[in-house]
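Protein chains in written order, with the working numbering: chain A, 258 to 370; chain B, 27 to 139.
Yeah, the Cβ is synthetic: ideal placement off N, Cα and C, and Gly gets one too.
Here is the structure we will look at, set down as structure tokens.
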């Protein structure tokens, strides 16, 4: 079956612009996670959805970052007024429940010029 | 809170030699432990996981890891590496009641012909 997919694979934007990153989880997975991976670092947690609701958004760095999952499947990570420090690979993962393996997508590489 | 330390940022090893990638974690509660591999321009792929039971866990591609609670370690081992094992390896921890994964900074394994 299909794995987690993320679009776009690469996004280049200018400082101050708005961007949206999309994640399609594995069908039937109720839990969805967003992580950010900076160069030379491990992934860092941003937000976790259980169904349609954000169960834990403690990893979002500031109020410029927001994520939604309106129908409990596809999720969109939204970044307003992008800054150069937002440049990173944004990873999405999904799982069938919260105690087991998270399946990761290939990521979206965001570059803010 | 939980944290993961991967002491070795880079590990070069000759083909067919054994390798050990070290991972230590910190947590005040019981944990689940994972090793993921990331090939260039690809997403994270699960190698193995420890949830409970036997402390010696076998994963894909001939890798294994041993959970040592007293030393709070979960080192990854392979008795004989191949060129195709060249990749970035990440150790991750989550709690039994938690959601997010805490990742180490990664170990870059380079297998030398």
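Exercise. What does residue 72 of chain B reach in chain A if we use C-beta pairs closer than 7 Å?
Worked result: Per Cβ cutoff of 7 Å: 358.
### Task
Using a Cβ cut-off of 7 Å, pull out every chain B residue sitting near residue 298 of chain A, in sequence order please.
For residue 298 of chain A, the neighbours in chain B by C-beta distance under 7 Å run, in chain order, 131.
For this session: Given a cut-off of 9 Å, decide if residue 137 of chain B and residue 109 of chain B are closer than it, judged by their beta-carbon atoms.
Result: Taking 9 Å as the Cβ cut-off, residue 109 of chain B and residue 137 of chain B qualify as a contacting pair.
Handout entry: Limits of the beta strand (DSSP E) - the one that residue 260 of chain A falls within
Key = Run containing residue 260 of chain A: none; DSSP gives neither H nor E here.
Exercise. Going by DSSP, which residues form a beta bridge with residue 335 of chain A?
Worked result: DSSP lists A:277 and A:323 as partners of residue 335 of chain A.
Residue 112 of chain B: beta carbon under 8 Å from a heavy atom of the ligand NAD? As for the ligand NAD, it is missing from this structure, which has no ligand bound.
If the cut is a Cβ gap below 7 Å, which residues of chain A does residue 13 of chain B touch? The question about residue 13 of chain B has no answer, for chain B in this structure spans 27 to 139.
Could you name the residues of chain B that residue 313 of chain A contacts, counting a contact when the two beta carbons are closer than 8 Å? Result: 125 and 126.
Is the shortest distance between the beta-carbon of residue 76 of chain B and the beta-carbons of chain A less than 9 Å?
With respect to chain A, the C-beta atom of residue 76 of chain B has no partner C-beta closer than 9 Å.
- Query: DSSP three-state call for residue 138 of chain B: helix, strand or coil?
  - Reply: Strand at residue 138 of chain B.
Indicate whether at least one CB of chain A lies closer than 9 Å to the CB of residue 67 of chain B. Interface residue, yes.
Excluding five sequence neighbours on each side, which residues of the same chain lie with their C-beta closer than 8 Å to the C-beta of residue 130 of chain B?
Only residues of its own chain outside the window of five on either side were considered, and among them 30, 31, 32, 49, 116, 117 and 118 have a CB closer than 8 Å to the CB of residue 130 of chain B, listed in chain order.
Q. Interface residues of chain D around residue 116 of chain B at Cβ under 9 Å?
A. Structure shown: chain D not included; protein chains present are A and B.
| query | Nearest CA to the CA of residue 335 of chain A: which residue from A:287, A:321, A:345 and A:344? | reply | Comparing Cα-Cα distances from residue 335 of chain A to each of A:287, A:321, A:345 and A:344, the minimum goes to A:321.
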